[in-house]
Amino acid sequence: MEFSSLLTLADWRVAYRSGASPRTLLEALRKRLAAESPIAAWIARADEAHLSAQITALEERTEGYADRAAAMQALPLFGVPFAAKDNINVGGLPTTAACPAAETAPAANAGAVQRLIDAGAICMGKTNLDQFATGLVGTRSPYGRPSSTFAADRISGGSSSGSAVVVSLGDLPFALGTDTAGSVRVPAGFNNIVGLKPTPGRVTTRGVLPACRSIDCVSVLALTVEDAAAVLAVIEGDDPLDDYSRFVPGAGRLPAALRIGIPSHAEFHGDAGYAAAFEGAVAHVSMLGHRPVATDFATLHAVAELLYSGPWVAERFAVVEDMIERNPGALDPSVRLVIEAARGFSATDAFRGQYALAAGKRAVATLWDQVDLLMVPTAPGHPKHAEVDADPLRSNAQLGLYTNYVNLLGWCALAVPAGFTTIGLPFGVTFIAPAGVDAALARFGMAWQASLGMKLGATQRSSAVAVDAAGSALARDAALWPASTPSLPIAVVGAHLSGLPLNPQLTDRGAVLRETARTAPHYRLYALPDTTPPKPGMLRVGCEGAAIEVEVWDLPRGEVGAFLALVPAPLGIGQIELEDGRWVHGFVCEAHALQNARDVTRHGGWRAYLQSLQPASAS
17 MEFSSLLTLA DWRVAYRSGA SPRTLLEALR KRLAAESPIA AWIARADEAH
67 LSAQITALEE RTEGYADRAA AMQALPLFGV PFAAKDNINV GGLPTTAACP
117 AAETAPAANA GAVQRLIDAG AICMGKTNLD QFATGLVGTR SPYGRPSSTF
167 AADRISGGSS SGSAVVVSLG DLPFALGTDT AGSVRVPAGF NNIVGLKPTP
217 GRVTTRGVLP ACRSIDCVSV LALTVEDAAA VLAVIEGDDP LDDYSRFVPG
267 AGRLPAALRI GIPSHAEFHG DAGYAAAFEG AVAHVSMLGH RPVATDFATL
317 HAVAELLYSG PWVAERFAVV EDMIERNPGA LDPSVRLVIE AARGFSATDA
367 FRGQYALAAG KRAVATLWDQ VDLLMVPTAP GHPKHAEVDA DPLRSNAQLG
417 LYTNYVNLLG WCALAVPAGF TTIGLPFGVT FIAPAGVDAA LARFGMAWQA
467 SLGMKLGATQ RSSAVAVDAA GSALARDAAL WPASTPSLPI AVVGAHLSGL
517 PLNPQLTDRG AVLRETARTA PHYRLYALPD TTPPKPGMLR VGCEGAAIEV
567 EVWDLPRGEV GAFLALVPAP LGIGQIELED GRWVHGFVCE AHALQNARDV
617 TRHGGWRAYL QSLQPASAS
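Every number in the numbering used here is 16 more than the matching position in the sequence shown, counting from 1.
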């Protein structure tokens with residue numbers, strides 16, 4: 017089988033469902049990676065014995081299932097290959113964090129890796145990174161300097177450099193990275209792939225050599241948002257053995273029409289042509305029906321300064337203090353310079369930094385009342401290797417302009433492709449959302465990626481082709497999606513519609529508009545007399561009815577009781593049949609209350625009826 021056809025999770029599932037052998041496919045992949053995958057992308061590959069042991073374990077686990085289909089249902093990542101950044105422990109492979117002197121031989125898998133293996137995935141090796149995950153350039157490693165898959169003279173971005181490169185080339189369908197200051201988002205942008213950075217604490221960091229333990233995030237690099245979200249669904253969840261684990265799912269959907277905050281004064285560096293590309297991304301936001309909102313990022317940039325110019329650098333020092341004292345020459349000079357800055361901070365400075373962060377959080381607390389998402393350039397420019405060599409610290413610092421504040425504020429983010437510049441470089445944007453909204457952000461990102469129809473990474477496959485019958489097969493067999501707060505779909509027909517007086521009763525309780533729909537043609541709509549604000553009543557009448565326009569809102573289940581307490585008689589919540597045959601909860605009316613009500617069914621909906629009451633505009 018040609019590996020060029022095995023790019024996504026769905027591709028691998030289709031191959032296995034068709035009878036392909038994991039041992040045959042994965043051994044052939046091992047040989048291909050050894051012969052063709054860029055050396056600089058890897059630190060350690062699984063050898064024949066290590067790979068064979070993993071496959072044997074998978075085969076033994078599947079012996080108890082009736083057939084391959086049953087095994088794949090139980091193991092949603094059955095036989096799917098992946099790689100892990102080399103600061104993430106994989107049992108049987110060394111962990112170096114790109115520092116040979118710091119090499120360890122972990123016997124156990126990191127928590128996230130173990131969850132992947134429990135789901136049937138197979139680790140093909142460990143990928144290169146900026147040493148100790150300290151950098152956004154991808155060049156601070158004795159194991160080589162990966163380049164962008166689109167320009168050999170430009171950096172891959174880091175610190176998760178190797179993971180990004182192997183995914184972009186189509187060598188593997190996904191890889192794990194870590195993201196503290198943008199270490200998954202930046203290389204995703206430079207290699208035309210997806211970088212999903214969850215809310216801090218959503219994925220355990222147990223078994224990860226920390227950069228800044230309190231805000232590190234194990235993250236996912238993939239060719240499609242759908243695949244990244246599926247992997248997140250496997251690795252997320254509470255871990256009682258990780259003191260920083262905090263799994264609190266939030267909304268599963270965002271409003272259909274979004275207010276998307278963009279920098280009021282976007283800053284760019286270098287010759288990559290990013291300014292024009294970002295203007296194109298903003299125009300695409302509007303084309304999709306969303307509203308760009310110019311937003312002041314001054315407070316966000318002030319928070320970002322705390323990460324490297326404040327006491328948080330001491331977290332990095334805590335990890336490598338012994339190494340610096342014993343063998344300072346083992347560290348990359350730039351990494352050492354960054355980390356040793358911690359010596360200049362005191363315990364008092366640490367508290368001052370916490371106070372500054374608390375002030376920043378309070379200052380941006382109202383931001384999410386003004387916008388639903390933020391959209392930023394993933395990076396302000398794409399440096400060449402020569403530019404990084406000439407000024408390594410400045411080049412690196414510039415790359416964190418739109419990334420450094422996200423983890424400090426506890427938010428989630430999704431880096432996605434957004435086009436190419438006039439000189440042929442990939443350009444990416446990052447969408448940022450509040451804590452816990454990972455599932456909704458991924459759902460939005462999947463729609464964004466589908467709307468562009470771009471190539472996947474550096475492969476020849478279009479993202480439009482990736483969502484085909486194979487994608488349907490993935491959804492049917494695996495149904496993997498990140499967790500969200502349970503919600504109840506409620507169909508509203510009158511004063512609770514978007515923009516009408518009672519709509520805040522939904523939005524104040526966290527409800528999100530799922531869709532505009534029509535009922536089955538079995539209802540009649542009436543204007544109830546003497547109601548404030550004016551309200552309709554809808555009654556199911558059978559063959560004498562018509563289709564009525566409704567909105568379906570996802571209401572968090574924890575808010576259902578409070579919402580029902582606001583529903584006055586003769587209205588109530590019952591079951592409503594939609595035009596496509598689905599049944600949802602929604603507003604109904606007691607029949608006796610309609611005796612003196614005006615039948616407005618012919619208007620097709622309450623909003624149209626209200627418009628009919630407005631005086632005709634003068635011509």
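Cβ atoms here follow ideal geometry from the backbone N, Cα and C, with glycine treated the same way.
Nothing here was measured: the structure is a model prediction, and the numbers come from that model.
For residue 192, tell me which candidate among 177, 206, 205 has the shortest Cα-Cα distance. To locate residue 192, count along the sequence shown from 1; it is residue 176. The option with the nearest alpha carbon to residue 192 is 177.
Distance check for residue 242 and residue 268, CA to CA, integer angstroms please. Residue 268 sits at position 252 when you count from the first residue of the sequence shown. Residue 242 sits at position 226 when you count from the first residue of the sequence shown. So the alpha carbons of these two residues sit roughly 14 Å apart.
With C-beta atoms as the reference, is residue 258 less than 8 Å away from residue 127? Stepping through the sequence shown from its first residue, residue 258 is reached at position 242. Stepping through the sequence shown from its first residue, residue 127 is reached at position 111. Cβ atoms of residue 258 and residue 127: closer than 8 Å.
To which residues does DSSP link residue 397 through a beta bridge? Indexing the sequence shown from 1 puts residue 397 at position 381. None; residue 397 has no bridge partner.
With respect to the alpha helix (DSSP H) encompassing residue 206, which residues constitute its N-terminal and C-terminal limits? Taking the first residue of the sequence shown as position 1, residue 206 is located at position 190. Unbroken alpha helix (DSSP H) run through residue 206: 201-206.
Residue environment, residue 163, which counts as buried when at least 16 other CB atoms sit within 10 Å: As a working note, residue 163 is residue 147 in the sequence shown. When all chains shown are included, residue 163 counts as buried.
I'd like to confirm the pairing. Which residues does DSSP put opposite residue 593 in its beta bridges? Residue numbering aside, residue 593 sits at position 577 when the sequence shown is read from its first letter. Looking at the DSSP assignment, residue 593 forms a beta bridge with 599.
Assuming residue 184 and residue 207 make a contact with CB atoms under 8 Å, what is their CB distance in whole Å? As a position in the sequence shown, residue 184 is number 168, starting the count at 1. As a position in the sequence shown, residue 207 is number 191, starting the count at 1. About 4 Å separates the two Cβ atoms, so the contact holds.
Taking the CB atoms as reference points, tell me whether residue 394 and residue 445 lie closer together than 8 Å. Position 378 of the sequence shown, counting from 1, holds the residue named residue 394. Position 429 of the sequence shown, counting from 1, holds the residue named residue 445. Taking 8 Å as the Cβ cut-off, residue 394 and residue 445 qualify as a contacting pair.
Assigned exposure category for residue 256 - 16 Cβ within 10 Å defines buried: Numbered from its first residue, the sequence shown carries residue 256 at position 240. By the neighbour-count rule (16 or more Cβ atoms within 10 Å), residue 256 is not buried but exposed.
DSSP on residue 23, reduced to helix/strand/coil? Your numbering for residue 23 matches position 7 in the sequence shown. Note: residue 23 maps to coil in three-state DSSP.
Ignore the nearest five residues each way along the sequence and tell me which others in residue 351's own chain have a CB closer than 8 Å to its CB. Counting from 1 along the sequence shown, the entry for residue 351 is found at position 335. Result list for residue 351: 146, 147, 148, 150, 151, 156, in chain order.
Using 10 angstroms around the beta-carbon of residue 65, count the other beta-carbons present and answer buried if the total reaches 16, otherwise exposed. Here residue 65 refers to the residue found at position 49 of the sequence shown. By the neighbour-count rule (16 or more Cβ atoms within 10 Å), residue 65 is not buried but exposed.
Can you give, in chain order, each stretch of the alpha helix (DSSP H) that sits fully within the region 496-530 and has at least 4 residues? 520-523
The beta strand (DSSP E) spanning residue 140 covers which residue range? Counting from one through the sequence shown, the residue named residue 140 turns up at place 124. Run containing residue 140: 138-143, per the beta strand (DSSP E) assignment.
Who does residue 433 pair with in a DSSP beta bridge? By one-based count along the sequence shown, residue 433 stands at place 417. Partner(s): 444.
Whether or not the region 219-235 and the region 504-523 are in contact is what I'm after, with contact meaning three or more pairs of Cβ atoms, one per stretch, closer than 8 Å; do they touch? no
Could you spell out the range, first to last residue, of the beta strand (DSSP E) harbouring residue 188? Reading the sequence shown from its first residue, position 172 is the one you call residue 188. Counting along the chain, residue 188 falls outside any beta strand (DSSP E), and DSSP gives it neither H nor E.
How would you call residue 485, buried or exposed, if buried means at least 16 neighbouring beta carbons within 10 angstroms? Counted from its first residue, the sequence shown places residue 485 at position 469. Note that residue 485 scores 37 on pLDDT, short of 50, meaning its location in the model is unreliable; the coordinates nonetheless yield the value given after this. Exposed, because fewer than 16 other Cβ atoms sit within 10 Å of the Cβ of residue 485.
Measure the alpha-carbon distance for residue 215 versus residue 246 and round it to whole angstroms. Residue mapping note: residue 215 aligns to position 199 of the sequence shown, counting from 1. Residue mapping note: residue 246 aligns to position 230 of the sequence shown, counting from 1. Spanning the two alpha carbons is a distance of roughly 16 Å.
Please give me, in chain order, every unbroken run of the alpha helix (DSSP H) with length at least 4 that falls completely inside the region 226-292. 241-251
The beta strand (DSSP E) with residue 416 in it runs from where to where? Here residue 416 refers to the residue found at position 400 of the sequence shown. Run containing residue 416: none; DSSP gives neither H nor E here.
When burial is assigned at 16 or more other CB atoms within 10 Å of the CB, is residue 233 buried or exposed? Against the sequence shown, residue 233 aligns to sequence position 217. Counting Cβ neighbours within 10 Å, residue 233 comes out buried, since at least 16 surround it.
Runs of alpha helix (DSSP H) lying entirely within the region 330-384, each at least 4 residues, in chain order: 349-356, 363-379
Do residue 105 and residue 125 count as a contact pair if the criterion is CB distance below 8 Å? Locating residue 125 in the sequence shown gives position 109, where the first residue counts as 1. Locating residue 105 in the sequence shown gives position 89, where the first residue counts as 1. Yes; because the gap between Cβ atoms is below 8 Å, this pair is in contact.
I need the straight-line Cα distance from residue 389 to residue 301, nearest angstrom please. Your numbering for residue 389 matches position 373 in the sequence shown. Your numbering for residue 301 matches position 285 in the sequence shown. Cα to Cα, residue 389 sits roughly 11 Å from residue 301.
For residue 199, is the classification buried or exposed, using 16 other Cβ atoms within 10 angstroms of its Cβ as the cut-off for buried? One-based indexing of the sequence shown puts residue 199 at position 183. Flag for residue 199 reads buried.
Integer Cβ distance of residue 250 from residue 92, believed to fall under 8 Å: Indexing the sequence shown from 1 puts residue 250 at position 234. Indexing the sequence shown from 1 puts residue 92 at position 76. The pair is a contact, with the Cβ atoms about 7 Å apart (cut-off 8 Å).
To the nearest angstrom, report how far apart residue 507 and residue 596 are at their CA atoms. Stepping through the sequence shown from its first residue, residue 507 is reached at position 491. Stepping through the sequence shown from its first residue, residue 596 is reached at position 580. For residue 507 and residue 596, the distance between alpha carbons rounds to 14 Å.
Enumerated in chain order, which unbroken segments of the beta strand (DSSP E) with a length of 3 residues or greater are wholly contained in the region 113-181? 138-143, 167-171
Simplified DSSP state of residue 572, which is helix, strand or coil: For this step, residue 572 is matched to residue 556 along the sequence shown. Strand.
Assuming residue 109 and residue 60 are in contact, meaning their beta carbons sit under 8 Å apart, how far apart are those beta carbons, in whole angstroms? For this step, residue 109 is matched to residue 93 along the sequence shown. For this step, residue 60 is matched to residue 44 along the sequence shown. The pair is a contact, with the Cβ atoms about 5 Å apart (cut-off 8 Å).
Less than 7 Å between C-beta atoms, sequence neighbours within five positions excluded: which residues of the same chain meet that for residue 491? In the sequence shown, the residue the question calls residue 491 occupies position 475. Reliability of the predicted coordinates at residue 491 is poor, the pLDDT of 41 falling under 50, and no value is obtained from them.
Mind checking residue 532: buried by the 16 CB within 10 Å criterion, or exposed? Within the sequence shown, residue 532 is the residue found at index 516, counting from 1. Residue 532 is exposed by the Cβ-count criterion.
If you follow the beta strand (DSSP E) that residue 211 is part of, which residue opens it and which one closes it? One-based indexing of the sequence shown puts residue 211 at position 195. Note, residue 211: beta strand (DSSP E), 210-213.
Taking contact to mean at least 3 C-beta pairs separated by less than 8 Å, is the region 397-406 in contact with the region 361-368? no
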